[in-house]
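A.B. asks:
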Amino acid sequence: MRAAAIDVGSNTVRLLIADVRGRGPWRVVAQDQMVTRLGEGLAAAGALGEAPMARTLAVVLDYAGRARALGASAVRIVATSAVREAGNGRAFAAAVERAAGVPVEILSGEEEARLALRGVRRGLPDLGGALVTFDIGGGSTEYVLAHEDAVRAAVSLRLGVVPLAERFPFRDAVDWGRYQALRDEVSGRLARELPAGIRESRPAHLVGTAGTVTTLAALDLGLARYDPSRVHGHVLGRRAVAAQLARLGALPVAGRAALPCLEPGRADLIVPGIAIVQATLDCLGVDALVVSEYGLREGLLVDALEGPRHPPHAAP
């Protein structure tokens with residue numbers, strides 16, 4: 034079956050089209066992503082802006098058209114934190130649905146976390162023991178604690194790189210006092226808002242997905258061009274994360290944007306993203322994370338193939 038997933042995030046719209054079958058390997062037909070920053074200004078205004086909505090709609094229509102042209106028999110469009118939180122989010126989703134001719138689902142934070150875990154499990158099936166996944170997005174970050182297919186805890190925090198970048202802008206070289214204030218704020222949020230079951234889990238593996246961690250992996254590997262096959266499964270230790278922070282922090286935003294593998298639109302978001310990564314490592318008391326190219330999009334395709342399945346919750 035050829036299926037397509039379109040993920041309308043607070044910062045990025047992502048497309049994945051693949052031929053999927055059983056538990057065998059998928060054949061990726063097309064994949065793409067574009068930073069549209071749908072959540073720009075949302076924290077202050079409480080609503081999606083006209084320009085971000087127009088940018089995002091144009092990309093979604095392009096991706097839906099590509100999916101149809103490539104013969105996808107199942108197309109699923111989902112929207113996450115920005116649409117979920119905005120006062121005009123449902124109206125925007127309805128407008129996208131009318132224009133694209135495809136239903137738009139507004140995911141709850143818990144469903145977003147479940148799908149990201151399902152994608153990670155597909156991409157990293159050999160990781161055993163207790164596993165914590167975290168998915169840093171533009172408007173929220175999802176955490177899931179799981180053991181095999183049993184979900185022990187899941188939470189979506191309103192902790193995203195777009196509002197953090199708006200509150201802690203680093204247009205020039207990073208002011209380390211301000212960065213420490215940012216990191217302290219994120220650490221405090223995790224200490225207060227992450228369920229104790231996740232905070233105290235001491236997982237066998239911590240897995241990060243989405244743009245912040247995949248970009249850090251590409252930079253750590255010194256890739257001249259982004260290579261998903263090399264990024265997927267790469268292990269980032271605390272020293273590697275700190276080294277990339279020092280490298281990026283020495284540059285103004287234009288210098289960061291010129292680095293290979295740092296996609297347009299992410300240069301001002303990568304530093305707040307690193308603050309979330311470092312605070313997560315600290316909060317969970319682990320020294321490294323495994324990077325996953327698989328996440329929400331892949332979870333959507335697993336659902337298309339196998340049907341929605343809510344993993345059983347383990348007994349506390």
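Every letter in the sequence shown is one number past the one before it in the numbering used here, and letter 177, counting from 1, is 210. We put the beta carbon where it would ideally sit given N, CA and C, even for glycine.
1. Using the three-state DSSP reduction, which class does residue 34 fall into: helix, strand or coil?
2. Starting from the N-terminal side, write out each stretch of the alpha helix (DSSP H) that is 4 residues or longer and does not extend beyond the segment 224-277.
3. Starting from residue 164, follow the beta strand (DSSP E) in both directions and report where the run begins and ends.
4. Which residue marks the beginning of the alpha helix (DSSP H) containing residue 48, and which one marks its end?
5. Excluding five sequence neighbours on each side, which residues of the same chain lie with their C-beta closer than 6 angstroms to the C-beta of residue 280?
6. When the Cα of residue 247 is compared with those of 311, 301, 169 and 81, which residue comes out closest?
7. For residue 114, count the other beta carbons within 10 Å of its own beta carbon; 16 or more makes it buried, fewer makes it exposed. Which is it?
8. Beta-carbon within less than 6 angstroms of residue 80's beta-carbon, same chain only, minus the 5 sequence neighbours each way: which residues are those?
9. How long is the line joining the alpha carbons of residue 339 and residue 139, rounded to whole angstroms?
10. Assuming residue 174 is part of the beta strand (DSSP E), what are its boundary residues?
11. Tell me the rounded alpha-carbon separation between residue 162 and residue 146.
12. Excluding the five sequence neighbours on either side, which residues of its own chain have a C-beta within less than 8 angstroms of the C-beta of residue 236, listed in chain order?
13. Name the residue from 48, 150 and 117 whose alpha carbon lies nearest to the alpha carbon of residue 76.
14. Is it the case that the Cβ atoms of residue 111 and residue 333 are separated by a distance below 8 angstroms?
15. DSSP on residue 322, reduced to helix/strand/coil?
16. Report the three-state DSSP secondary structure of residue 39 (helix, strand or coil).
17. How about residue 233: is its C-beta nearer than 8 angstroms to some C-beta of chain D?
18. Return the CA-CA distance between residue 348 and residue 183, expressed in angstroms with no decimal places.
19. Would you mind working out which of 61, 40, 78 and 52 sits nearest residue 67, comparing C-alpha positions?
20. For a test of the three-state rule: what should DSSP assign to residue 153, helix, strand or coil?
21. In terms of residue numbering, what span does the alpha helix (DSSP H) encompassing residue 91 cover?
22. With C-beta atoms as the reference, is residue 325 less than 8 angstroms away from residue 241?
23. In this structure, does DSSP put residue 344 in helix, strand or coil?
24. Just to confirm before moving on: does the CB-CB distance between residue 194 and residue 73 stay below 8 angstroms?
25. State the Cα-Cα distance for the pair residue 299 and residue 159, rounded to the nearest angstrom.
26. Given that a residue counts as buried once 16 or more other Cβ atoms are within 10 Å of its Cβ, and exposed if not, what is residue 152?
27. CB-CB under 6 angstroms to residue 186, same chain, minus the five flanking residues each way: which ones, in chain order?
28. Alpha carbon to alpha carbon, how far is residue 63 from residue 37?
29. So if DSSP puts residue 64 in a beta bridge, which residue, or which two residues, is it bridged to?
30. Determine which residues share a DSSP beta bridge with residue 141 and list them.
31. Reducing DSSP to helix, strand and coil, say where residue 204 ends up.
32. Check this for me: beta carbons of residue 108 and residue 126, under 8 angstroms apart or not?
33. Let me know the secondary structure DSSP gives residue 129 once reduced to three states.
34. According to the neighbour-count rule (16 or more other Cβ atoms, all chains shown, within 10 Å of its Cβ), is residue 172 buried or exposed?
C.D. replies: Short version:
1. Correct three-state label for residue 34: coil.
2. DSSP runs (the alpha helix (DSSP H)) wholly in the segment 224-277: 229-232, 244-254 and 261-264.
3. Counted as a single uninterrupted DSSP element, the beta strand (DSSP E) harbouring residue 164 occupies residues 163-169.
4. Premise fails: residue 48 lies in the beta strand (DSSP E), 45-52, not in any alpha helix (DSSP H).
5. Taking residue 280 as the centre and dropping the five residues before and after it, the same chain places no C-beta closer than 6 angstroms to its C-beta.
6. Of the candidates 311, 301, 169 and 81, the one whose C-alpha sits nearest the C-alpha of residue 247 is 169.
7. In summary, residue 114 is buried, with 16 or more beta-carbon neighbours lying within 10 Å of its beta-carbon over all protein chains present.
8. Contacts found: 119, 120 and 121.
9. If I take the Cα positions, the gap works out to 21 angstroms.
10. Residue range 174-180 is occupied by the beta strand (DSSP E) that includes residue 174.
11. The C-alpha of residue 162 lies about 19 angstroms from the C-alpha of residue 146.
12. Correct list, in chain order: 162, 163, 164, 165, 178, 317 and 319.
13. Nearest C-alpha to residue 76: 117.
14. Taking C-beta atoms as the reference points, residue 111 and residue 333 count as a pair closer than 8 angstroms.
15. Strand.
16. It is a strand residue.
17. Given the protein chain composition of this structure (a single chain), no chain D is represented.
18. With a pLDDT of 34 at residue 348, under the threshold of 50, the modelled position of that residue is not reliable, and the figure given next carries that caveat. Distance between the alpha carbons of residue 348 and residue 183: 9 angstroms.
19. Shortest Cα-Cα distance from residue 67 to any of 61, 40, 78 and 52 involves 40.
20. If DSSP states are grouped into helix, strand and coil, residue 153 belongs with the helices.
21. For residue 91, the uninterrupted alpha helix (DSSP H) segment begins and ends at 83-102.
22. A contact, by the Cβ cut-off of 8 angstroms.
23. Any reading at residue 344 is ruled out, since the residue's pLDDT is 48, under 50, leaving its predicted position unreliable.
24. No, these two residues do not count as a Cβ contact at 8 angstroms.
25. So the alpha carbons of these two residues sit roughly 31 angstroms apart.
26. Sixteen is the threshold: when 16 or more other Cβ atoms of the shown chains lie within 10 Å of the Cβ of residue 152, as they do, the residue is buried.
27. Cβ neighbours of residue 186 within its own chain (closer than 6 angstroms, five residues either side excluded): 178, 228, 230 and 231.
28. Each residue's Cα considered, the two are about 9 angstroms apart.
29. Residue 64 pairs with 49.
30. Per DSSP, none; premise fails for residue 141.
31. For residue 204, the three-state secondary structure derived from DSSP is coil.
32. Not closer than 8 angstroms, so no.
33. DSSP places residue 129 in helix when its eight states are reduced to three.
34. Buried is the call here.
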